[in-house]
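Residue numbers (the numbering used here): 5 to 131.
Accompanying notes for the structure given below.
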Amino acid sequence: MYAYSLPYEVLPIVPPPSNNADKPKSAAVKRVRTQYTSEQLMQLEGEFDKGNYLNRTSRIRLSQELKLTEKQIKVWFQNRRMKNKKENSALGDRNVSSSHSFYRGNGDNNPYASNRLPQIIPHVRPI
5 MYAYSLPYEV
15 LPIVPPPSNN
25 ADKPKSAAVK
35 RVRTQYTSEQ
45 LMQLEGEFDK
55 GNYLNRTSRI
65 RLSQELKLTE
75 KQIKVWFQNR
85 RMKNKKENSA
95 LGDRNVSSSH
105 SFYRGNGDNN
115 PYASNRLPQI
125 IPHVRPI
């Protein structure tokens with residue numbers, strides 16, 4: 005063998021330790037999804053029908069009555085407002101498309117879907 009020394013130290017490649025110390029603690033504990041009872045849902049929907057937003061006093065009262073946290077009540081209302089918004093926008097999209105339904109069919113009424121060639125008008129020069 006050759007007798008020489010390297011100008012640097014050779015270290016073995018070692019994988020990093022696989023402990024959970026570098027993972028965030030929130031990833032370790034996953035919260036379970038809240039399952040609302042039919043009575044809770046009826047009361048929440050009833051409150052939502054009165055108004056899309058709850059003040060803090062109503063939220064505290066409702067959380068005590070339904071045995072839920074204020075945060076659960078708040079998040080339910082946020083999710084319900086988003087559901088309402090999606091339903092209204094989907095309904096609006098259907099109304100727009102149905103108002104243009106006369107353009108469907110064989111294309112006779114649709115000026116953009118005509119299979120006919122444009123009418124050629126001869127050019128007439130003035131005298």
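Ideal placement from N, C-alpha and C gives every residue a C-beta, glycine not left out.
In this text the structure is predicted, and so the values were computed from the model without any measurement.
Quick test of your reading: L70 and Q47, contact by CB under 8 Å. State the CB separation rounded to the nearest angstrom.
6 Å
Tell me whether S105 sits in a helix, a strand or coil according to DSSP, three-state version.
Because the pLDDT at S105 is just 49, under 50, the model does not fix this residue reliably, and the value given afterwards should be weighed accordingly. In the structure shown, S105 sits in a helix (DSSP, three-state: H, G or I).
Backbone CA spacing between Y86 and P16 [nearest angstrom]
With the sequence shown as reference, residue 86 is identified as Met, and Tyr is not the correct amino acid for it. Their Cα atoms are separated by approximately 55 Å.
Using the rule of at least 16 other Cβ atoms within 10 Å of the residue's Cβ for burial, across every protein chain shown, is E91 buried or exposed?
exposed
My output table needs one value for V79: the three-state DSSP class, helix, strand or coil.
helix
Take P19 and list the residues in its own chain whose beta-carbon comes closer than 8 Å to its own, dropping the five residues that flank it on each side.
none
Starting from T61 and walking both ways along the alpha helix (DSSP H), at which residues does that stretch end?
60-70
Helix, strand or coil for G50 per DSSP?
helix
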